Amino acid sequence: MGAIWITGASGAIGSALAHTLREAGRPLVLTGRDAGALAQIAQSLGNQAGIFPADLCEPGAAADVLAQAVEQVGPIDGFAHCIGSTLIRPLHLTSDSDLEQVLRVNFFSAAWALKAFIALQLKQQTTASAVLVGSLVARAGFPNHEAIAAAKAAVAALSESSAATYAERGIRVNCVHPGLTISKLSARLTGSPEAVARNAKSNPMGLVGEGKDTAAVIAFLLSDAARWVTGQQISVDGGHAVLHPLPKA
Ligand SMILES: NC(=O)c1ccc[n+]([C@@H]2O[C@H](COP(=O)([O-])OP(=O)(O)OC[C@H]3O[C@@H](n4cnc5c(N)ncnc54)[C@H](OP(=O)(O)O)[C@@H]3O)[C@@H](O)[C@H]2O)c1
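Residue numbering for the sequence shown follows the numbering used here, beginning at 46 and increasing consecutively.
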């Protein structure tokens with residue numbers, strides 16, 4: 046079994062995934078921009094992971110990381126893209142540069158990293174699994190999320206089409222859509238117990254997620270247990286995208 050490449054490995058979902066996969070004995074390749082944060086994660090994993098810091102919003106960076114990682118760690122046949130940002134702003138107040146930046150961080154980083162990963166699999170001629178991280182807001186209309194909803198919908202479409210293209214070569218591609226999850230990125234909504242309690246009220250299960258919730262589903266999709274699962278979009282959001290609880294009396 047080859048190694049798994051986790052991008053956004055210092056984040057809430059990426060770092061939870063690293064711990065889950067390490068417990069399952071998978072070799073890991075970790076990427077993020079902050080080398081110090083990656084080193085801390087690697088240390089918490091007993092220094093059993095290779096760290097390859099890079100800004101994956103730069104074209105070509107993903108291919109460079111993979112080339113170095115394969116040389117140092119060996120074959121890589123799993124990939125989880127856990128990079129992202131958020132922007133909560135109505136479209137008429139969203140600047141062109143903000144719109145571009147949201148697409149760059151969420152969509153282009155995913156497309157460039159997936160392209161590099163698939164190119165490596167075609168070269169290695171291995172079966173493989175890739176998981177991209179979308180968002181609840183790509184699946185249901187939430188006010189003021191136009192830019193991030195569009196970028197994450199593009200990520201989901203990228204995942205479905207590439208799953209179709211590469212299915213017969215044994216390369217699976219799936220997309221998970223987390224709901225509101227406690228992390229740096231969502232700190233405005235989850236940064237204090239009061240904020241968590243307030244935002245949990247709008248969730249059908251009355252909960253805000255933790256990194257480990259989405260990590261568990263990604264780990265399954267990366268495993269051989271999911272060998273017949275591809276082209277899927279799976280929500281990890283307490284039912285938020287599809288359930289409509291009745292108002293409380
Ligand atoms: N948290 C939520 O409520 C929520 C909801 C829906 C979807 N999501 C999605 O879930 C995924 C994981 O987010 P999270 O909640 O774990 O947030 P997080 O804790 O803020 O993690 C984001 C990660 O992305 C990395 N990153 C950002 N820009 C990067 C770049 N240009 N190059 C390389 N790494 C970069 C960050 O590391 P560095 O800063 O060191 O680069 C960090 O490790 C994202 O795709 C996010 O959009 C999250």
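No residue lacks a Cβ here, since even glycine has one placed at the ideal position from N, Cα and C.
All values reported here derive from a predicted model rather than from experimental measurement.
Inter-residue CB distance, residue i and residue j (contact presumed, cutoff 8 Å)
| i | j | result |
| --- | --- | --- |
| Leu73 | Leu66 | 6 Å |
| Ala196 | Phe152 | 5 Å |
| His222 | Gly186 | Not really, about 14 Å apart at Cβ, beyond 8 Å. |
| Gln278 | Ala201 | 5 Å |
C-beta atoms of residue i and residue j nearer than 8 Å
| i | j | result |
| --- | --- | --- |
| Thr52 | Cys127 | yes |
| Ala286 | Leu181 | yes |
| Lys229 | Gly56 | yes |
| Ser204 | Leu177 | yes |
| Pro238 | Gly283 | no |
| Ala61 | Lys257 | yes |
| Trp50 | Ala114 | yes |
| Gly77 | Ala107 | no |
| Gly215 | Thr172 | yes |
| Ile58 | Thr235 | no |
| Ser130 | Val110 | no |
Span of the beta strand (DSSP E) around residue i
| i | result |
| --- | --- |
| Val274 | Looking at the DSSP string, Val274 is not in any beta strand (DSSP E), and its letter there is neither H nor E. |
| Gly95 | 94-96 |
| Ile51 | 48-52 |
| Thr65 | Where Thr65 is concerned, there is no enclosing beta strand (DSSP E), although the alpha helix (DSSP H) it sits in stretches over 57-68. |
| Arg217 | 216-223 |
| Thr295 | As displayed, the chain neither begins before 46 nor continues past 294, which places residue 295 out of reach and without an answer. |
| Ile279 | 278-281 |
| Asp122 | 121-126 |
| Ser174 | 173-178 |
Top-ranked residue by Cα proximity to residue i, from the options
| i | options | result |
| --- | --- | --- |
| Lys302 | Thr275, Gly251, Asp258 | The shown model of the chain, from 46 to 294, leaves out residue 302, and the question about it has no answer. |
| Ile121 | Ser55, Met46, Ala106, Lys160 | Met46 |
| Ala48 | Pro249, Arg71, Ser60, Ala54 | Arg71 |
| Ser174 | Val147, Leu291, Val262, Arg134 | Val262 |
| Val253 | His64, His289, Val281 | Val281 |
| Ala164 | Val150, Gly105, Leu291, Ala61 | Gly105 |
| Cys220 | Thr275, Ala54, Ala158 | Thr275 |
| His64 | Arg184, Ala112, Leu83 | Leu83 |
| Ile133 | Leu288, Leu291, Glu255, Ser231 | Ser231 |
| Glu68 | Arg78, Thr259, Gln93 | Gln93 |
| Phe265 | Val241, Arg217, His289, Ala240 | Arg217 |
Range covered by the alpha helix (DSSP H) that runs through residue i
| i | result |
| --- | --- |
| Val262 | 256-267 |
| Ser207 | 191-211 |
| Ala106 | 106-118 |
| Gly81 | 80-89 |
| Glu239 | 238-245 |
| Leu159 | 154-169 |
Is it a yes or a no for the segment 203-218 touching the segment 242-250, going by three-plus beta-carbon pairs under 8 Å?
no
Any chance the segment 188-196 sits against the segment 121-139, with 3 or more Cβ pairs inside 8 Å?
yes
Touching or not, the segment 263-275 and the segment 91-110, by the rule of three or more beta carbon pairs under 8 Å?
no
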